Amino acid sequence: MTINNPNETYYFLIQQFTLFSDFFMHAVFSHSRKAVQLLARIVTGKKDLIVVEWGLEVKKGFPFFRNDRYDLFIIDQYGNVYNIEIENTLRSLGKRAFHNMCLLGSQSLKPGEEHKALRENWVVFLTKKDFLNQNEPFYSYEWFNRKWKRILHTKAHICFVNGEYRGDDAIGRLMHDFRCTNLDDMFYDELREAVSYFKKEPEGVNAMCEIMREFERKSKNEGRVEERETIMRKLYAKGMDCPTIAEVTGQTSAQVEAFLKRNSL
0 MTINNPNETY
10 YFLIQQFTLF
20 SDFFMHAVFS
30 HSRKAVQLLA
40 RIVTGKKDLI
50 VVEWGLEVKK
60 GFPFFRNDRY
70 DLFIIDQYGN
80 VYNIEIENTL
90 RSLGKRAFHN
100 MCLLGSQSLK
110 PGEEHKALRE
120 NWVVFLTKKD
130 FLNQNEPFYS
140 YEWFNRKWKR
150 ILHTKAHICF
160 VNGEYRGDDA
170 IGRLMHDFRC
180 TNLDDMFYDE
190 LREAVSYFKK
200 EPEGVNAMCE
210 IMREFERKSK
220 NEGRVEERET
230 IMRKLYAKGM
240 DCPTIAEVTG
250 QTSAQVEAFL
260 KRNSL
């Protein structure tokens with residue numbers, strides 16, 4: 000393997016990344032339509048779903064109001080839209096899912112279209128931890144009248160996928176693959192192929208090394224404690240462990256652990 004600027008530490012860290020590592024996930028799914036389509040089919044249960052368009056870090060919102068960036072934004076062959084988030088924390092998930100759904104729904108109809116033309120909107124959070132601690136593969140939410148036990152058909156779907164689930168089914172295998180550091184242990188060829196590019200192929204490894212160098216430059220070149228702490232918070236939220244954060248930010252593991260403990264992270 001030829002790496003543009005050889006760095007054994009970077010290469011070692013890349014081998015430890017999983018699809019729950021936020022920026023690694025972004026790189027993998029930006030690179031592979033097949034991996035995106037597999038993910039969308041499994042989390043929605045739509046075996047015939049075809050990804051027509053997709054993007055990572057897609058910004059949605061309106062002027063003068065809060066905008067959000069979607070981890071993964073998909074449009075299928077029928078014009079249905081999907082927001083899939085990879086989440087390492089459980090903070091305010093219900094409110095965040097509702098806000099994301101509002102943004103999706105508000106942009107689902109073109110000028111002049113009638114409401115009956117409204118397409119399906121999906122917000123799916125893949126949570127690293129079990130959202131409700133019930134060991135279910137996923138938790139779905141719909142608009143529901145409690146008294147009459149009737150569903151209001153809005154075509155809006157909110158779902159939380161349990162990243163700790165390990166059942167012998169499609170979601171169980173998917174969540175297993177999301178936590179794999181060794182691509183040879185993966186069940187799905189689509190994910191194995193996409194991950195292999197960034198862990199084994201020189202071009203992909205170089206791309207990941209550059210991303211990590213950028214994090215390192217921001218941490219060291221800025222020279223400000225506030226900047227470094229901001230980066231440590233972001234890396235922790237993206238699923239990095241303490242040794243990895245220490246390597247990227249030029250700290251010791253003990254310094255990172257002390258910082259996270261002080262800030263109740």
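FYI, the numbering for the sequence shown is 0 to 264, going by numbering that gives the first Met the number 0.
We put the beta carbon where it would ideally sit given N, CA and C, even for glycine.
Since we're looking at a predicted model, the values are computed, not measured.
Review point. So, helix, strand or coil for Thr88, using DSSP?
Key: In the three-state reduction of the DSSP assignment, Thr88 falls in the coil class, being assigned neither a helical nor a strand state.
On the CB-based measure, 16 or more other CB atoms within 10 Å of its CB, does Asp75 come out buried or exposed? By the neighbour-count definition (other C-beta atoms within 10 Å, threshold 16), Asp75 is a buried residue.
- [ ] Evaluate the contact criterion for the stretch 173-185 versus the stretch 56-76: three or more CB pairs, one atom per stretch, below 8 Å.
- [x] Flag = no, the stretch 173-185 and the stretch 56-76 do not touch.
Could you check whether Ile73 and Val35 sit closer than 8 Å to each other, using their CB atoms as the reference points? Taking C-beta atoms as the reference points, Val35 and Ile73 count as a pair closer than 8 Å.
For Ile74, which beta-bridge partners are listed by DSSP? In the DSSP output, where bridge partners are listed per residue, Ile74 has Glu52, Val80.
- [ ] Along the beta strand (DSSP E) that carries Phe177, what are the first and last residues, could you check?
- [x] Looking at the DSSP string, Phe177 is not in any beta strand (DSSP E); the run it does join, the alpha helix (DSSP H), is 169-177.
* **Boundaries (first-last residue) of the alpha helix (DSSP H) holding Phe197** => Note, Phe197: alpha helix (DSSP H), 188-198.
- Query: Ala155 bridges to which residues according to DSSP?
  - Reply: Its beta-bridge partners are Asn120.
Check your understanding: Leaving out the 5 sequence neighbours to the left and right, which residues in its chain are closer than 8 Å to Ile210 when beta-carbon positions are compared?
Key -> Cβ within range, chain order: Phe22, Ala26.
Query raised in the report: If you count every other CB in all the chains shown that lies within 10 Å of the CB of Ala193, and 16 or more means buried, which is it?
Result: Classification of Ala193: buried, given that the 10 Å Cβ count is 16 or more.
Please determine, among Glu202, Trp53, Phe143, Gly162, the residue with the shortest C-alpha to C-alpha distance to Asn132.
Answer by Cα proximity: Gly162.
Spatial distance of Glu228 from Tyr196 (CA atoms)
A straight line joining the alpha-carbon of Glu228 with that of Tyr196 spans about 31 Å.
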